[in-house]
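What follows is a set of notes on a single structure, which appears directly below.
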Amino acid sequence: MEELMKHLSKIRIPQKHDKIYKDECVYSFDTPDTPTGLYVNFTTFLGLGQDYVQHYYQLTENPVFLHIKRRRKEIPSKHQGDGPEKKITRLAIGITDGFTPDQQTYTYHESYQIVILPNFTTIPYPTDNLPQEVELAIKCILEAESATKLAEIEALSGTWDGEIKAVSKHATNLKQFDNGKKILPSGWKCEKCDLTQNLWLNLTDGSILCGRKFYDGTGGNDHAVEHYRATGYPLAVKLGTITKEGKGDVFSYDEDDMVEDPNLVSHLAHWGINVAQMEKTDKSMVELELDLNQRFGEWVALQEAASKLTPLYGPGYTGLANLGNSCYINSVMQMLFIIPDFVKRFVDGAPQIFQQNYIDPPNNFEVQMAKLGIGLLSGKYSIPPNTNNENESRQGIPPRMFKTLVCRGHPVFSSNWQQDAQEFFLHILNIIDRHSRHQPNPTDCLKFKVEERYQCNRSNKVKYTYRPEYLLPLPIPVEAAVNKDEIRAYEALKKETEAKGQKLDSNTLVRPRIKLLSCLQAFIRSETVEQFYSSALNEKTTAQKTTRLATFPDYLLIHLKKFTMKEDWTPTKLDVAIEMPDILDLSSLRGSGLQPTEELLPETAEAPQPNYDSVMLTALTDMGFPPEACRKALYFTENRDLGAATYWLMEHIGDSDFADLFVPPGIDVKPEKDKFMANEDAVTMVMGMGFTREQATKALKATDNNLERAADWIFSHQAELDALEIEDEPGHSEEIFRDGSNQYKLVGFISHMGTSTMVGHYVCHLLKNDRWVIYNDDKVALSENPPKELGYIYLYQRID
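Residue 556 in UniProt numbering sits at position 556 of the sequence shown, with consecutive numbering throughout.
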């Protein structure tokens, strides 16, 4: 106690604005459930695993910690009833059906002690004669919501599973009985059992009944849903979630979803409930969802159907928990950390990163990248289940801090919807590139130079342009399928079977089989460019454009463009099989540059300015298309009419440069635009994301001051934004590209199962120690039959 008294000045009582990291170490994935527990600093309220607490003390000289250890004890429970309705499985994000009938339930016991460094002096808690400020600080730490959970709740605010709640169709004309029933402000109990938690008030007849049973065995006894089945009364509000503002969790049994009830205040008043007197006392469904999914050991992870795979454990075989449709993030990060450049930067370089960034590690990108890399590769969190200590047995880590940080503020990735792995790949590479200004950049191993050659069809003179890329998008020529006869036979059989009112067995499915060579040939095939400005003629004409690679990177990411548009403009996914070779020769893609027999087109110092019909431009942007894409559409359709421009946009919506700044083909100097005045409030918000005023202005200019579009644009055009900084740096040199042989070997691929990037599931396969390994969220196992032909993104390593 005497040593504690020396450091009372270092002990702070948490205030409302303080973030308390008591669920997980900010540098590792240690938690209170880890055998060594978690140390929460009394000064900064950062949580630290035992491996980092001593080092943190040396950096900060903050010596006093609250040590939290939690132990779990299984209690066998008998299954009651038929389980929850299917919709409630959203409480078990990432879990097939979200409910295990004979699920074990658990009790948790937490123990605490005060630890003082450097000697790890311990004081039990609770204990007598503890200073009042220490007692109060501990009480506030234990009662407060953790910072990681608050961040997730904030991100999901106003949503159910990250999905905006719709207004119920019953809200306007809800039938409410005048049966004299009045609801007290507290003391509620289920009318059919003794439960006093997870209670729902039916807004039609005023009955109070318990909710559904959750996948871990907790929750209710299904009495509320049984009441709906018997009566058909559709809306119920969860008691304890009602706030003074008239908000609360409302579920519509008829619509089978969480909904908004804009008339909730009056609906509650009917039953004598004055919302001005209500206090939130129970957890919302979003909070329950997070609570359940944070019990990592209780997850039943997704796994390959009908497969009995051999699990793998140890260094390099650690899975990632699926945090709300985050399998696309998991797959991308697993693939990145098999590349030596990323390992060297973030894993080998972790000591220096942690040393330099100790002020706010949860919000430091480099720290969280290093934390994730170490977590995946160390093997510390990938322990076989036959260990003596059951609490040590685990496979996988939940990357909550990483996901919250890298997705924060992004209009797409910050939601809980499934997203496109290819888009996230570019997003994370852009962030890494931005944080590698003055040190080795691991993205250089993926960067290559694309060569585009234009030849004027009338003068035969040529123009070469070059741009950096990190991913090679390949079109899929379905017409090049090598099994056309087999496909025709299958389609005939399918039609005949459907005519009989039957369906073919899924095992009989025949996919078009296409060789990768056909995709490569489609990529390098010459295309005609309309409206090409020829500086040799000083007028528009046509040109032939060919695309090649000027350099071959150490690692090549190939993106198969499987997602396209149907004839009715609805998105669809090509269900094809691409024959991906283990060894790949890309010699046909090598660009040659200007040849001795070729003559360059003159530079266009004074280029004609394109004209855009302002009325049609406004109409197209109002449809939601990016302004630069709209300008392209009007240019290439020569302002003919709105229908032609819209058709052009729908045809080209999948282009990688769809929203890029538009420069008419053949023109060297970017055309001057009308003077642009950026919205100052929008500039301030974009700058708050860590960008400069010049970068914020450029993004807003490209999106006509639309803040939401600017946020999306800024993450997908990092190269253009970074160029603003590079141009201002004295003595900056030309961009450097690595180059080598054109021979590659396949070392990884990411597959997508589903009809759209917004649904389905992503799985990653990696080649390790000459054997294929499947990374299916937190399940890691030897792959029996890696589906190489069904991948979406492929990683090839150059063979020198």
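No residue lacks a Cβ here, since even glycine has one placed at the ideal position from N, Cα and C. Bear in mind that the values here come from a model prediction, so they are computed numbers and not experimental data.
Excluding residues up to 5 positions away in sequence, A678, A682 and A710 lie with their Cβ nearer than 6 Å to the Cβ of L700 in the same chain. Taking the Cβ atoms as the reference, S266 lies roughly 14 Å from H170, outside the contact range of under 8 Å.
Annotation for W648: the continuous alpha helix (DSSP H) segment containing it runs L642 to H652. Annotated as distal: L557 and R590, with beta-carbon spacing of 8 Å or more.
Between P786 and G754, the alpha-carbon positions lie close to 18 Å from each other.
The residues T204, in chain order, have a CB closer than 6 Å to that of K175 in the same chain once the five nearest residues on each side in sequence are set aside. In this structure, the alpha-carbon of V663 lies about 16 Å from that of L649. If you look at I138, you'll find it in the alpha helix (DSSP H) that goes Q132 to E143. In this model, Y470 and D444 are separated by some 9 Å (Cα to Cα).
The beta-carbon distance between S526 and Q544, rounded to whole angstroms, is 5 Å. This is short enough to meet the 8 Å contact definition. As the crow flies, the alpha-carbon of T31 is around 24 Å from that of S331.
If you look at T546, you'll find it in the beta strand (DSSP E) that goes E539 to L549.
N330: member of the alpha helix (DSSP H) spanning C327 to L336, first to last residue.
A buried status is given to Y792, since no fewer than 16 other beta-carbon atoms sit within 10 Å of its beta-carbon. When the beta-carbon positions are compared, L320 and Q334 come within less than 8 Å of each other. Residue pairing of R72 in beta bridges, as defined by DSSP: Y108. Rounded to whole angstroms, T542 and E479 show a C-alpha spacing of 27 Å.
With a threshold of 16 other beta carbon atoms within 10 Å, M278 meets it and is buried. Scanning the segment 453-526 for uninterrupted beta strand (DSSP E) segments of 3 residues or longer gives 462-469, 472-474 and 513-515, listed from N- to C-terminal end. Minimum Cα-Cα distance from T122 among the listed residues P384, E3 and K515 corresponds to E3. When the beta-carbon positions are compared, F342 and A370 stay at least 8 Å from each other. Pairing I114 with M1, the inter-Cα distance amounts to about 10 Å.
Under DSSP, the beta-bridge partners assigned to P124 are Q113. Ranked by Cα distance from Y52, the first of K73, D128, L130 and Y358 is Y358. Residue range S614 to D622 is occupied by the alpha helix (DSSP H) that includes M616.
Within the same chain, and ignoring the five residues on either side of F177 in sequence, the residues whose Cβ sits closer than 8 Å to its Cβ are T204, D205 and G206. Scanning Y490, I799 and E61 for the CA closest to the CA of F552 turns up I799. Rounded to whole angstroms, the Cβ separation of E110 and K69 is 7 Å, and the two are in contact under 8 Å.
Within the UniProt domain "UBP-type" (166-275), the complete beta strand (DSSP E) segments of 3 residues or longer fall at 199-202, 208-210, 235-238, 250-252 and 257-260, listed in chain order.
Relative to P398, the option among K447, S326 and A421 whose CA is nearest is S326. The three-state reading of DSSP puts N363 in helix, counting H, G and I together. In the DSSP assignment, V343 falls within the alpha helix (DSSP H) that extends over P340 to V343. Counting along the chain, K768 sits inside no alpha helix (DSSP H); it lies in the beta strand (DSSP E) bounded by residues H761 to K768. The residues C456, S459, K461, L601 and P602, in chain order, have a CB closer than 7 Å to that of A536 in the same chain once the five nearest residues on each side in sequence are set aside.
The segment 22-62 contains, as complete alpha helix (DSSP H) runs of 4+ residues, the segments 50-60 (chain order).
Within the same chain, E24, V26, T148, P362, Q368 and K371 come within 8 Å of M401 by CB-CB distance, once the 5 residues on both sides are set aside.
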